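Residue numbers (the numbering used here): 1 to 370. To start, the structure under review is shown below, and the notes come after it.
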Ligand code: ACO
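Written out as structure tokens, the structure reads:
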């Protein structure tokens, strides 16, 4: 038995949800470029869950369900108010989503119908949790979701406590489409491993959130913004990046396990970053990002991934850095739950082997002889 570090190149399952072939990402056969330009996040979530684009009545029914399920239990809000305000937002989100199961009478119902409803419920409630957490941490009361609004509009409304502008809603909606699914990424794999034991969907999504939190995965978008804040100005980019490369440190937001010639999602976020900067008459963050890209691609041959330009997009939308990875979770909840449903459909326990490299032929000796 020989281990493949990081399971690189290992094909661990079949899936009909999303694919990456020759650098092209598709959801259910639809190119991500097509979806980013034309689909809403709700249409995308429907596509991931049910394998086809919804008709108008199907989309309306989904939207009604998402709005119906968006409010979260009062007990959960009370619990979130007890979380330390300085705790990591992804840790708080992970705890809150885990707790959601406690308030769902169908949490342990393993029928397909119940799991499909729970997928929609989780998708509806995670944005409400993230917005509530953000407000509670600032000493503000959570805002209840609107009775009729898209996830992007409702999230910004709950976050800001006022009606968001159309440009911000559209930008967030496109970002949600771009992050919705990504084949067997680390968090999706974590979710599938969990439910392959026939554990419940809440456990699967909680595992996935834990995996997304890390800076080598979803946490990279916050790390990118931290870097931009540390750099501070366009002039400071060159010495900062040069020093980082000399220290052989990783630059967050660059590189990818699967894409070696560039992440197809990055160009959409790059364009959005420029558009938002131009609208605000301040393209500093965009200009700094482009300069970093020039240096990293030029010197290391590494291309930006989905996290790189999303940092300047979210900041220009007025969203705090600590919410970037939770927003990724809002979007990826659709992909996670689609994969969990697919795993249940044709389940087999996921239990690989390890190549043993430890000591051998040890003999037990009594404690007073060690
Ligand atoms: N900055 C500098 N060097 C890098 C970077 C980077 N961002 N990414 C890879 N490299 C270098 C490594 O140092 C390594 O060089 P070496 O062979 O000289 O030691 C080589 O490229 C291979 O890197 P690995 O980390 O082994 O590649 P792997 O496929 O395991 O990792 C990963 C992919 C984790 C995404 C990596 O590129 C990385 O750490 N990037 C920064 C974090 C990041 O942006 N993560 C988000 C990914 S997208 C997502 O999850 C949503």
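Even for Gly, the Cβ is constructed at its ideal location relative to N, Cα and C. It should be emphasised that the depicted structure is a prediction, and the values quoted were computed from it without experimental measurement.
Asked                                                                                                                                                              : Found
With respect to 7 Å, is the separation between the Cβ of residue 306 and the closest non-hydrogen atom of ligand 1 below this value?                               : yes
Consider the C-beta atom of residue 260 and the heavy atoms of ligand 1; say whether any pair is separated by less than 7 Å.                                       : no
How many Å lie between residue 75 and residue 288 at the Cα?                                                                                                       : 44 Å
Using CA coordinates, which residue listed in 118, 222, 170 and 128 is at the minimum distance from residue 104?                                                   : 118
Check whether the segment 236-256 touches the segment 284-300, counting contact only when three or more Cβ pairs, one atom from each stretch, lie closer than 8 Å. : yes
If you draw a straight line from the C-alpha of residue 42 to the C-alpha of residue 242, how long is it?                                                          : 42 Å
Please classify residue 217: does DSSP put it in a helix, a strand, or coil?                                                                                       : coil
Based on DSSP bridge pairs, tell me the residues matched to residue 254.                                                                                           : 304
Using 8 Å as the threshold, is the C-beta distance between residue 219 and residue 325 below it?                                                                   : yes
So is the beta-carbon of residue 256 under 7 Å away from any non-hydrogen atom of ligand 1?                                                                        : yes
One question on the structure: do residue 80 and residue 136 come within less than 8 Å of each other, judged by their Cβ atoms?                                    : yes
With H, G and I counted as helix, E and B as strand and the rest as coil, what does DSSP make of residue 40?                                                       : coil
Taking the C-alpha atoms as reference points, what is the distance between residue 46 and residue 359?                                                             : 51 Å
Once you ignore the five residues that flank residue 204 on each side, which residues in its own chain have a CB closer than 6 Å to its CB?                        : 191, 194, 195 and 340
Among residues of its own chain, excluding the 5 on either side of residue 143, which ones have a beta-carbon nearer than 6 Å to its beta-carbon?                  : 158 and 161
Tell me, please, whether the segment 47-55 touches the segment 323-338 by the rule of three or more beta-carbon pairs shorter than 8 Å.                            : yes
For ligand 1, is there any heavy atom lying closer than 7 Å to the beta carbon of residue 90?                                                                      : no
My output table needs one value for residue 188: the three-state DSSP class, helix, strand or coil.                                                                : helix
Take the Cβ of residue 233 as the centre, count every other Cβ of all protein chains shown within 10 Å, and call the residue buried at 16 or more, exposed below.  : exposed
On the DSSP bridge list, what partners appear for residue 21?                                                                                                      : 24
Taking one C-beta from the segment 162-179 and one from the segment 306-323 each time, how about it: are there three or more such pairs within less than 8 Å?      : yes
DSSP three-state label for residue 181, please.                                                                                                                    : coil
Could you please give the first and the last residue of the uninterrupted alpha helix (DSSP H) stretch that includes residue 151?                                  : 151-160
Find out if the Cβ-Cβ distance for the pair residue 154, residue 96 is shorter than 8 Å.                                                                           : no
On the CB-based measure, 16 or more other CB atoms within 10 Å of its CB, does residue 351 come out buried or exposed?                                             : exposed
State the beta-bridge partners of residue 30 as determined by DSSP.                                                                                                : 27
Compute every distance between the C-beta of residue 272 and the non-hydrogen atoms of ligand 1, then say whether any falls below 7 Å.                             : no
Using the beta-carbon count (16 or more within 10 Å), is residue 347 buried or exposed?                                                                            : exposed
Contact between the segment 144-152 and the segment 57-72: three or more CB pairs below 8 Å?                                                                       : yes
In its own chain, which residues sit with a C-beta less than 6 Å from the C-beta of residue 10, not counting the 5 before and 5 after it?                          : 4
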